[in-house]
Structures are given as C-alpha cells and as structure tokens.
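**Student:** Got a structure here, written out as structure tokens. Questions coming.
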Amino acid sequence: MSVSSATQPMIYNPPKDFAKQAHVPSLEAYETEWRRSINDPEGYWGEVAAESHFFKKWDRVLEWNPPMAKWFAGGQTNVCYNCLDFQIEKGLGDHPAIIWEGEPAAADGTPKQQVTLSYRQLHARVCRFANALKKLGIKKNDRVTIYLPMVPELTIAMLACARIGAPHSVIFGGFSAQAIADRLTDADSHHIITSDGGWRRGSVVPLKSNVDEACKLVDKVSKVIVLKHCNNDVHWDAGRDIWWSDAIDGMSEDCAAEKLDAEHMLFLLYTSGSTGKPKGILHTTAGYMVYTRHSAKQVFDYKPDDVYWCTADIGWITGHSYIVYGPLQNGVTSVMYEGAPNFPDWERFWQICERYGVTKFYTAPTAIRAFMKQGAELPKKHDLSSLKLLGTVGEPINPAAWAWYNEHIGGNRCPIIDTWWQTETGGVMITPLPGATPTKPGSATRPFFGIDAAVVDHSGTPVEPNESGLLVIRKPWPGMLRGVYGDEARYRKQYWSEIEGCYFTGDSARCDEDGYFWIIGRVDDVIKVSGHRLGTAEIESALVSHPKVAEAAVIGFPDEMTGEAIAAFVTVKSGVNVSEDLKQELRQHVSRTLGAIAKPKDVRFTDGLPKTRSGKIMRRLLRELATTGSVKGDITTLEDLTTIAKLNGEAS
Ligand code: PRX
Numbered sequence: 001m002s003v004s005s006a007t008q009p010m011i012y013n014p015p016k017d018f019a020k021q022a023h024v025p026s027l028e029a030y031e032t033e034w035r036r037s038i039n040d041p042e043g044y045w046g047e048v049a050a051e052s053h054f055f056k057k058w059d060r061v062l063e064w065n066p067p068m069a070k071w072f073a074g075g076q077t078n079v080c081y082n083c084l085d086f087q088i089e090k091g092l093g094d095h096p097a098i099i100w101e102g103e104p105a106a107a108d109g110t111p112k113q114q115v116t117l118s119y120r121q122l123h124a125r126v127c128r129f130a131n132a133l134k135k136l137g138i139k140k141n142d143r144v145t146i147y148l149p150m151v152p153e154l155t156i157a158m159l160a161c162a163r164i165g166a167p168h169s170v171i172f173g174g175f176s177a178q179a180i181a182d183r184l185t186d187a188d189s190h191h192i193i194t195s196d197g198g199w200r201r202g203s204v205v206p207l208k209s210n211v212d213e214a215c216k217l218v219d220k221v222s223k224v225i226v227l228k229h230c231n232n233d234v235h236w237d238a239g240r241d242i243w244w245s246d247a248i249d250g251m252s253e254d255c256a257a258e259k260l261d262a263e264h265m266l267f268l269l270y271t272s273g274s275t276g277k278p279k280g281i282l283h284t285t286a287g288y289m290v291y292t293r294h295s296a297k298q299v300f301d302y303k304p305d306d307v308y309w310c311t312a313d314i315g316w317i318t319g320h321s322y323i324v325y326g327p328l329q330n331g332v333t334s335v336m337y338e339g340a341p342n343f344p345d346w347e348r349f350w351q352i353c354e355r356y357g358v359t360k361f362y363t364a365p366t367a368i369r370a371f372m373k374q375g376a377e378l379p380k381k382h383d384l385s386s387l388k389l390l391g392t393v394g395e396p397i398n399p400a401a402w403a404w405y406n407e408h409i410g411g412n413r414c415p416i417i418d419t420w421w422q423t424e425t426g427g428v429m430i431t432p433l434p435g436a437t438p439t440k441p442g443s444a445t446r447p448f449f450g451i452d453a454a455v456v457d458h459s460g461t462p463v464e465p466n467e468s469g470l471l472v473i474r475k476p477w478p479g480m481l482r483g484v485y486g487d488e489a490r491y492r493k494q495y496w497s498e499i500e501g502c503y504f505t506g507d508s509a510r511c512d513e514d515g516y517f518w519i520i521g522r523v524d525d526v527i528k529v530s531g532h533r534l535g536t537a538e539i540e541s542a543l544v545s546h547p548k549v550a551e552a553a554v555i556g557f558p559d560e561m562t563g564e565a566i567a568a569f570v571t572v573k574s575g576v577n578v579s580e581d582l583k584q585e586l587r588q589h590v591s592r593t594l595g596a597i598a599k600p601k602d603v604r605f606t607d608g609l610p611k612t613r614s615g616k617i618m619r620r621l622l623r624e625l626a627t628t629g630s631v632k633g634d635i636t637t638l639e640d641l642t643t644i645a646k647l648n649g650e651a652s
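Quick look at the structure:
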C-alpha cells in the first residue's frame, strides 16, 4: 500500500492492484458517480434498483413528504427471493451461501461443528421453515421475535419470515429477560423463535430459560419454537413450546415468496436512544433491500469468489445488513461464527480466516484493540494471505489500532474501510470505497453514493472545515428507517426536528478541508461499549428497580479497550448501608435485568446527583468527574452547589 507522507495526517492510497480490479477504480470515478447520485437521486436509484428482482416494477422511485419517505412505491418484491431464488436463477445454486462454525473446539482450535449451506440448500431450509411458520398460524404482518445464538437457523428464521411477509424482531442473545419482555410488548409480538442455549466461552447461555422468564413478565406469547443446539435441560410448556425439528417435520421445501409491497415492513430492530424505552427501528422491504445490496457490493467490492466474514452478531444491524441481506443478495459466501474471539484462545479468528480462505474481513475497533493487546505473534502463526480487504464499524478507530490492523492482519497490502452508519440508516453511509478513496486513519472519509452528509451548527448552517458540529444527512436515501414502531411523534422529534429539513444522526463530527468526515461521538445519552449501543436511561431504570436504590445516573467514560465504559452514580434509600458488596450486587442486578453488556464497570455511591433547577441530571458534570477525577466545568445552572463539592470530595 503506498503511503504519502507529504500531508498530515498520513494518507494511504488504495493499492494499485486492488484499484485495477475494483468496481469503483479511482477517486474521479467515485466523485463523478457521487455527483450524479446527488443531482439526480431518482435516476440513480432507479438504475440501481433495476439490478434487483421485482415481481412488479415501481411506479415512482421516491415519494418524499418530509419526513415520510416511500421508495419504489407501487413495486412488489421479496427480499428473501432476492437473496435465494434470484441467486439460484443466476446459476449460483451450488455455490456456498453460508459457512458456519460453532464455538466448541479442540484445544488446537479445530471446531467440533461446521456447516456449509449452498444457496440451494439454504433455499430448501428456508422454505421448509417458512411452511412451518405458516402452519403454526403465523401470517403476513405478524411480528416474530427471534432470540437465537449465531447459528445458521438464525439466518434461516429471518429469511423465512421475510419470505412470508412476517416482520422479524431479532433480539441480541446477550440481552436478558426484561429486555426481551420490553421488546415483545412494544412489538406486540406473540411468537418467539429461540434455542435451548448458545455457546459462549465454553459455557451455555440459557436462552430458553431467559425466554421463559420474559414470558412470565408479558402475557402474550402463544408459541415458542425451540431449536435444540446445546442439549441443555429446558423447562417445557407443552401448550406453548414446540421443538424446531418437530415444527419442520413433514414440511415441503417449496414455498412461494409473497409478493410484497415495496414499503411492507421487513423488520424491527430495537436500539437504545436517549429515553428509557428502547425504540423499534422500522425498516421496510424494497429500499432496504436495494440499499444493502448496492452498498455491500461497492463497499466490500464483492467479487463472485469472495469468502466474506463479518464478525458482528446478527442481533445488531451490522449482522442484519452485512451478514445476511447484503452478502446473500450479492451471491457471495458469508462466514458465520457462533462464539467468542478468544475461545479456546486468541488465535480463533485467525484460524477461521485461514481455514476458509477469508478474503474480506469486517470487525469492530474494540476487537482489534483486544487482539493488539495479545500481540502480533498470534496472527503471525497463521496464513492470512487470502485477505484482500479489511473493514471496521461501530465506533471511531484510533490510529494505533488502525496501524496494527493494517500491518499485522492486512500485511500492509489490504485497503481498510472505516464505515460509519447506524441502525437507523440501514446501511453504510460514510466510507472509503476500497479501490477509490485514499484513507486517513481515524476518518470514515467520504459519503456513499446518494448520501448528502454535512456537519452543521444548531441552525443548520454548515460549519467551517475542521470545526466540530452536528452530523446530518440532507436528503432521503433508500435504506433509511421509516419510523419508530408505534411512535410517529418520537420519529419526528428525535430525527427530524433538531435541524430543520435534515435527518439528525445524534453524532458530532468534523469535516476537513478535503471533505473527509471525522466522527467525534454521540451528543445524546447513548453509550457505546465495545461498539454496542446502550441508553443511559435503560441502565438507570434497571438500577432503580433494585430495592435499595433511590436514584441513579449513568454515564459513559473513555476506556482504552472498550471505547467507552459505563459508570453509575447511585444514591441509596435512607437507612441502607453502602458497601463493596452492594456495588457488586448492583452490577449483577443490571447484568441480570438487561444483560452482561450493560453491566457498569464502576459504581459510585453519592449523597446526591447534580441537577439543573428544572430537575435534569447534569450528566456532563458526572462525565467530567469520571474522566478527570474532579469537576471544574461550568456549574452555573446547578441547583445545589454542595452536590459537586461532595462529589469532588467523594472522588478524591
Ligand atoms: O456514534 C456512531 C457509532 O455508532 C452509532 C450507531 O450505532 P448502532 O446503531 O449500534 O450501529 C452501529 C453499527 C452500524 C453511530 O451513531 N459509529 C458507527 N460506526 C462508526 C461510528 N463511530 C465512528 N466511526 C464509525 N465507523
């Protein structure tokens, strides 16, 4: 990879050999295409969509009544058909669609379970399961909750839902009963697909028993389909529960894909925002389908023989868009791994890359930092020469991690794409194109085709180059969310009212003199722990549900390994004695209620929380305290000055 050192910071040009074979082979090609996509979005997206399969062509590419968008209205299509049938029609029936590896392994990392499914085999399994869903009474528009480990059946379940027009709501396997119950209630979902358990670092995560707990908290679940995966004991409710194997028994491998309207709801994916209730981000059929196919092809520069591995969990948007829908619509092979990166040891990821000849690898900065800590000797033991491209997502990547990734994983020959996007955006929004965009470590670089990104002040005016401001998107795009499920007011307020006429991302950023975007971080109460998105309010409400807690405030503070970590400031009820044991009990309580990822790293007891005169907790001050050890910032709006004096005293 050539390096230009004339400018600061370092600029890495796309490797020449890569550029030669790339879909977008030069910066000029990118700029010409981007300008066209912005000047004539309907023409551009109409052309792009023509490469997808539609049962009926759309009448209009875009109907835009801000902030309500309809893409490809009047058209009829099916995303599952595009992922499977359409690929088989193109001659890819025998091509591997999924290569899956389970976590259990011998001491040398040799896996005990591996599955490869060709497009044809995947199609057969999806159809069988889709027929099973129908037989169980699941109909078009019914929301189906999926709470599974990273197994092929997770992809099968999602595609089966998409095939029959039943929107899926996938819940990350790391969430606990309360989080499941909240999502079931909000989605008004009556059906759950789960498994007895999932493997994580050699132990079984009891998914079915979490579902049983959640079902006690809500009274609406009529069917639970249970995949046998770990063979752990499960409680059984004969009227409600059915084994996956029994459900598909005798089902046909033929199931016609429903002809769905372009704006038919494809899925809900819950994510954290700045209020307590998780939001059901709503994505629909045609726009999401076209956007994920096109972005995956350009961003990962897919070629027919690619063996592509995205290490995310399908429970997050990255997995939805770039393990399932994006790669399968492009006919490439998508690798899926069930377990932890360090099981049985820190070589597992590199063994997987070597074993399957992974060509394109997409992971999170937090994982790179963890590997970096283990040293470069581990990847060196493995043949990583098949790799052609590396990607990152989820949080800013620090230049040291970028340099390590480039040298020790990419062998200084692979372009690195730092992709910025969100659950709400459906697909990648700001990203280098690997054959075209010179990269600067730490910058997600330039907007994708059709994306009109800008950094503005509160009045919507673009700020000067290198000045920080709010990151907005000024035009609709096909992959955009269509709403917050059941809460139009929240959709309008959260995303479309902050900056007039723009989609507000919730991130701050700066744009340099070359038009490169540098993401700074969230400006709301969202915390990113290891790239996972958590809301302060959700964690706070878990804390105050503990009988000894009177009040709690949660903040994110910088952490070398996880990007951000959670600190909780807790006021206990009168008469309660604070102790180290209580701290541990509260950490466990959050973990049990929401899931281990939400467990605070630090719990501090305090007599009072700093509030404004209108009663709003001043998290800014707590953040300063957790980061620097004391509060020196502006406290003019503070209601009770003594709280800060006390917090400063307590901190010291
Ligand atoms: O703050 C940004 C950060 O992740 C947020 C979106 O989180 P989520 O919806 O969970 O989706 C993550 C995976 C797509 C953003 O608002 N973020 C995402 N990618 C990057 C990033 N921050 C910096 N650089 C990135 N490449």
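Numbering follows the numbering used here, in which position 414 of the sequence shown is assigned residue number 414; successive positions increment by one, without gaps.
For each residue, glycine too, the CB sits at the ideal point set by N, CA and C.
(1) Which runs of the beta strand (DSSP E) at least 3 residues long sit entirely within the segment 45–77? Give them in chain order.
(2) Helix, strand or coil: which one does DSSP assign to Gly-563?
(3) Suppose you measure from the CA of Ser-443 to the CA of Pro-434; what does that come to, to the nearest Å?
(4) In three-state DSSP terms, what is Glu-551?
(5) On a Cα-Cα basis, can you pick out the residue from Ala-286, Lys-573 and Pro-476 that is closest to Asp-452?
(6) Quick check on the DSSP output: what are the complete beta strand (DSSP E) runs of length 3 or more inside the segment 337–423, in order along the chain?
(7) So, for Phe-557: in the same chain, excluding its five sequence neighbours on each side, which residues have a beta-carbon less than 7 Å away from its beta-carbon?
(8) If you follow the alpha helix (DSSP H) that Ser-541 is in, where does it begin and where does it stop?
(9) Pull the bridge partners of Tyr-503 from the DSSP assignment, please.
(10) For Leu-84 and Leu-92, what's the separation of their Cα atoms in angstroms?
(11) Measure the C-alpha to C-alpha separation of Ala-598 and Gly-273 and round it to an integer number of angstroms.
(12) Please report the distance separating the alpha-carbon of Gly-165 from that of Asn-141.
(13) Spell out the partners DSSP gives Met-429 in its beta bridges.
(14) With a threshold of 7 Å, establish whether the CB of Pro-415 neighbours any heavy atom of the ligand PRX.
(15) I want to know whether the segment 513–532 touches the segment 282–295 - three or more CB-CB distances under 8 Å.
(16) So what does Ile-193 bridge to, in DSSP terms?
(17) The ligand PRX and Thr-392: does any heavy atom of the ligand fall closer than 7 Å to the residue's C-beta?
(18) Is Gly-173 near the ligand PRX, in the sense that its beta carbon is under 7 Å from a heavy atom of that ligand?
(19) Identify the residues that DSSP records as bridge partners of Lys-611: which are they?
(20) Can you tell me the Cβ-Cβ gap for Ala-436 and Val-393, rounded? I've got them flagged as a contact below 8 Å.
(21) With a CB to CB cut of under 8 Å and the five nearest residues on each side skipped, what residues in its chain are close to Tyr-495?
(22) For Pro-327, report the span of its alpha helix (DSSP H) as first-last.
(23) According to DSSP, is Gln-113 part of a helix, a strand, or is it coil?
(24) Determine, using beta-carbon pairs with one atom in the segment 227–234 and one in the segment 253–264, whether at least three such pairs fall under 8 Å.
(25) Check this for me: beta carbons of Ala-97 and Thr-318, under 8 Å apart or not?
(26) Are the CB atoms of Thr-606 and Ala-542 nearer to each other than 8 Å?
(27) Does the beta carbon of Leu-133 sit closer than 8 Å to a beta carbon anywhere in chain B?
(28) Are Cys-414 and Leu-390 closer than 8 Å when you measure CB to CB?
(29) What does the Cβ neighbour count give for Lys-360, buried or exposed, with the cut at 16 atoms within 10 Å?
(30) Could you say which of Glu-500, Asp-487 and Arg-490 lies nearest to Ile-473 if we only look at CA atoms?
(31) Does Val-572 come out as helix, strand or coil in the three-state DSSP assignment?
(32) Given this structure, state the Cα-to-Cα distance separating Lys-112 from Phe-448, to the nearest angstrom.
(33) Would you check whether the ligand PRX has a heavy atom nearer than 7 Å to the C-beta of Ala-444?
(34) Please give the ranges of any beta strand (DSSP E) in the segment 210–282, keeping only runs that are unbroken, at least 3 residues long and fully inside the region.
(35) Under the three-state reduction of DSSP, which class applies to Gly-137: helix, strand or coil?
(36) Looking at C-alpha atoms only, which residue of Ile-397, Ile-352 and Gly-357 is the closest neighbour of Met-372?
**Tutor:** Per the coordinate set shown:
(1) The qualifying runs are 60–65 and 68–73.
(2) Gly-563 falls in the strand class under three-state DSSP.
(3) Taking the straight line from one Cα to the other gives about 14 Å.
(4) In this structure, Glu-551 counts as strand in the three-state DSSP scheme.
(5) Closest by alpha carbon: Pro-476.
(6) Within the segment 337–423, the complete beta strand (DSSP E) runs of at least 3 residues are 360–363, 389–393 and 416–419.
(7) So the list reads Glu-564, Ala-565, Ala-567, Arg-623, Ala-626 and Thr-627, once near-sequence residues are dropped.
(8) Ser-541 -> alpha helix (DSSP H) spans 536–544.
(9) Tyr-503 has Ile-473 as its beta-bridge partners, per DSSP.
(10) Answer to the nearest angstrom: the Cα atoms are 9 Å apart.
(11) So the two alpha carbons sit approximately 14 Å from each other.
(12) Cα to Cα, the separation comes out at about 6 Å.
(13) The partner list for Met-429 (beta bridge, DSSP) is empty, contrary to what the question assumes.
(14) Result no, Cβ not under 7 Å from the ligand PRX.
(15) Touching, no.
(16) Answer by DSSP bridge pairing, in chain order: Ile-146 and Ile-225.
(17) Yes - the ligand PRX has a heavy atom lying nearer than 7 Å to the Cβ of Thr-392.
(18) Incorrect: Gly-173 has no Cβ contact closer than 7 Å to the ligand PRX.
(19) Its beta-bridge partners are Ile-617.
(20) That pair is no contact at about 19 Å.
(21) Excluding residues within five positions, the ones whose Cβ falls inside 8 Å are Pro-67, Glu-424, Leu-481, Tyr-503 and Phe-504.
(22) First-last of the alpha helix (DSSP H) with Pro-327: 326–329.
(23) Secondary structure of Gln-113 (DSSP, three-state): coil.
(24) Verdict: no, contact absent.
(25) For Ala-97 and Thr-318, no; Cβs fall outside 8 Å.
(26) Not in contact: Thr-606 and Ala-542 (Cβ atoms no closer than 8 Å).
(27) In the structure shown, chain B cannot be found, because there is only a single protein chain.
(28) Yes, Cβ-Cβ distance for Cys-414 and Leu-390 is below 8 Å.
(29) Counting Cβ neighbours within 10 Å, Lys-360 comes out buried, since at least 16 surround it.
(30) The shortest C-alpha separation from Ile-473 is found at Glu-500.
(31) If DSSP states are grouped into helix, strand and coil, Val-572 belongs with the strands.
(32) Going by the C-alpha atoms only, they are around 40 Å apart.
(33) Yes - the ligand PRX has a heavy atom lying nearer than 7 Å to the Cβ of Ala-444.
(34) The qualifying runs are 223–227, 241–243 and 265–271.
(35) In the structure shown, the three-state DSSP call for Gly-137 is coil.
(36) The shortest Cα separation from Met-372 among Ile-397, Ile-352 and Gly-357 belongs to Ile-397.
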